[in-house]
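Counting along the sequence shown from 1, when you hit position 218 you're at 235 in my numbering, and nothing is skipped either side. C-beta: ideal position from N, C-alpha, C; glycine also. Fair warning: this is a prediction, and the values are worked out from it, not measured in the lab.
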Amino acid sequence: MTTRPRRPTTAGRNYSPLRSAVILTLSFLLPLLWHAYSDRLSEINVPALWRRSEGVVGESSLNATSPAPVFANQQTEDAARMLQDLRRDSGKWNSNHPRYRLLNSLKAYLRYGEERTADLDTWRKRYKKLSREQRSNLERTVGYTNKLNTVEALMIKNSGLAEDILSYGLKFYGVARLELDEFVEDTKNETNKQKGNTLYAVKHFVRDWSNEGLYERQTTYPCVLDAVRKEFPATSPSTPAKILVPGSGLGRLGHEIAALGDFEVTMNEFSYSMNIAYHYITTLSSVNASAIHPYIDWWSHRATTADLTRSVSFPDNISILSQPSISLIEGEFTTALKPHLGTYDALVSHFFIDTATNILTYLETIHAMLKPGGVWINFGPLLYGSMPTLQLSLDEVIAMAESLGFELEQPGEGCGRVMGFDSRVRGAHVPYAHDEESLNRNAYLAQHWVARKKK
18 MTTRPRRPTT
28 AGRNYSPLRS
38 AVILTLSFLL
48 PLLWHAYSDR
58 LSEINVPALW
68 RRSEGVVGES
78 SLNATSPAPV
88 FANQQTEDAA
98 RMLQDLRRDS
108 GKWNSNHPRY
118 RLLNSLKAYL
128 RYGEERTADL
138 DTWRKRYKKL
148 SREQRSNLER
158 TVGYTNKLNT
168 VEALMIKNSG
178 LAEDILSYGL
188 KFYGVARLEL
198 DEFVEDTKNE
208 TNKQKGNTLY
218 AVKHFVRDWS
228 NEGLYERQTT
238 YPCVLDAVRK
248 EFPATSPSTP
258 AKILVPGSGL
268 GRLGHEIAAL
278 GDFEVTMNEF
288 SYSMNIAYHY
298 ITTLSSVNAS
308 AIHPYIDWWS
318 HRATTADLTR
328 SVSFPDNISI
338 LSQPSISLIE
348 GEFTTALKPH
358 LGTYDALVSH
368 FFIDTATNIL
378 TYLETIHAML
388 KPGGVWINFG
398 PLLYGSMPTL
408 QLSLDEVIAM
418 AESLGFELEQ
428 PGEGCGRVMG
438 FDSRVRGAHV
448 PYAHDEESLN
458 RNAYLAQHWV
468 ARKKK
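This is the structure:
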């Protein structure tokens, strides 16, 4: 069980009367402003959280066509529910509270540059411990100090991107900078576990939204997209198929599915680090509008320093970002989607089910989300996390799925080899976090199946 950090407290802190008044006023006014604005949104039928480029109350620079009225209403309701959950007085205030987790992720983006600089300072100190002769030889031969200086300059560039993401995150979620600063002070003695998640999220720009990530997407998306096409060969705007994509990360697969035809795609992501980065990328209005140096935080497996320091631009595709038929429900998969039980025609789990603490609960939730006759399309490995309560082998996962009321079907061709214990389950060798220039390769035998909920 994860140890919960102490509850932030203001005891012993000295606030000026003016500062206290500002905090109190903001905490009172923001919910009222939201309710007033949401009333206006219901009139014009455009969900608040789809007005991205200028924050919660701005107009979208993408000028996307408004979604269908029913879906737009769902988006508005989901947005209102999310903002309600984010209120401090909504539930017990601790490290599991949605607003606490949001602030922790914003804090990680705020301290991104500071923490990268601290890492570099450590590397410099270690270098200085080498003998004078070794350092002299290194400087003459490879210019190691210049390499450190180059990486420092690139870390500053990356921190600029983190600041942009933070700035939009504050605006999008309606969090005052003063509140974040107070949270940082209150939690200064706590270890922020979001540090690694933020690094992971930022590097997902490469995997999801860059040309460098194309090879990986081309090896992991086709089985899923082909299964969706096969299941829904003909859809129309009047009868769009509803598809749920849990564990959506930075959203590329959800957008690819929406681009196939008349679909209403609901994405779900628990990590605020991911969600903050996703909301940021939807503000970009041109191809390769932003860039990151994604490899400078870890120097292993590099053929050349040029490979280490190279930049990756994103996004590689703008038109796919502007689709109105996509919504994002933020929160834990097994609880955040309860208002939508039994409403989806299909659920796509892509590199997802092994993220569960209790995979059986995930399977039960997947079953509950689908309509009778709905289809579950899975693709991904079984790499359980560090603290799972249940670790099932593949054949056990299939057996439990069938016990819940799923019937496996034969998947499409070209999705890997047939697994020995069941011809309806395929295994495909696929890369993960692929970097063509790296001396290292990460890969899985990803499992693919299509299962239908019994009517």
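Between the alpha carbons of Lys145 and Arg152 lies a distance of about 8 Å. Residue range Arg194 to Asp203 is occupied by the alpha helix (DSSP H) that includes Leu197.
The region 267-284 makes no contact with the region 383-400; the number of CB pairs closer than 8 Å stays below 3.
Per DSSP, the beta bridge partners of Thr256 are Ser253. Per the DSSP secondary-structure output, Asn166 pairs with nothing in a beta bridge.
Excluding the 5 residues flanking it on each side, Gly108 has same chain C-beta neighbours closer than 7 Å at His114, in chain order. Per the C-alpha coordinates, the member of Thr351, Phe438 and Val442 positioned closest to Asn395 is Val442. Of the candidates Tyr238, Tyr401 and Lys472, Lys472 places its Cα closest to the Cα of Gly391. Short of 6 Å from the beta carbon of Tyr295, and not among the five residues preceding or following it, lie these beta carbons of its own chain, in chain order: Leu267 and Gly268.
Between Leu183 and Leu127, the C-beta spacing is below 7 Å. By the CB criterion at 7 Å, Gly271 and Ile343 fall inside the cutoff. Excluding the 5 residues flanking it on each side, Leu345 has same chain C-beta neighbours closer than 6 Å at Met284, in chain order.
The DSSP assignment places 86-103, 115-127 and 129-145 as complete runs of the alpha helix (DSSP H) inside the region 75-145, in order along the chain (cut-off: 4 residues). Taken in chain order, the unbroken stretches of alpha helix (DSSP H) that lie wholly in the region 313-377 and span 4 residues or more are 322-326 and 350-353. About 4 Å separates the beta carbons of His318 and Asn457, which is inside the 8 Å limit, making them a contact pair. For the pair Ser330 and Asn292, the CB atoms are not nearer than the 7 Å cut-off. When the Cα atoms are used, Asp412 and Arg104 turn out to be separated by approximately 43 Å. Annotated as proximal: Phe350 and Pro263, with beta-carbon spacing under 7 Å.
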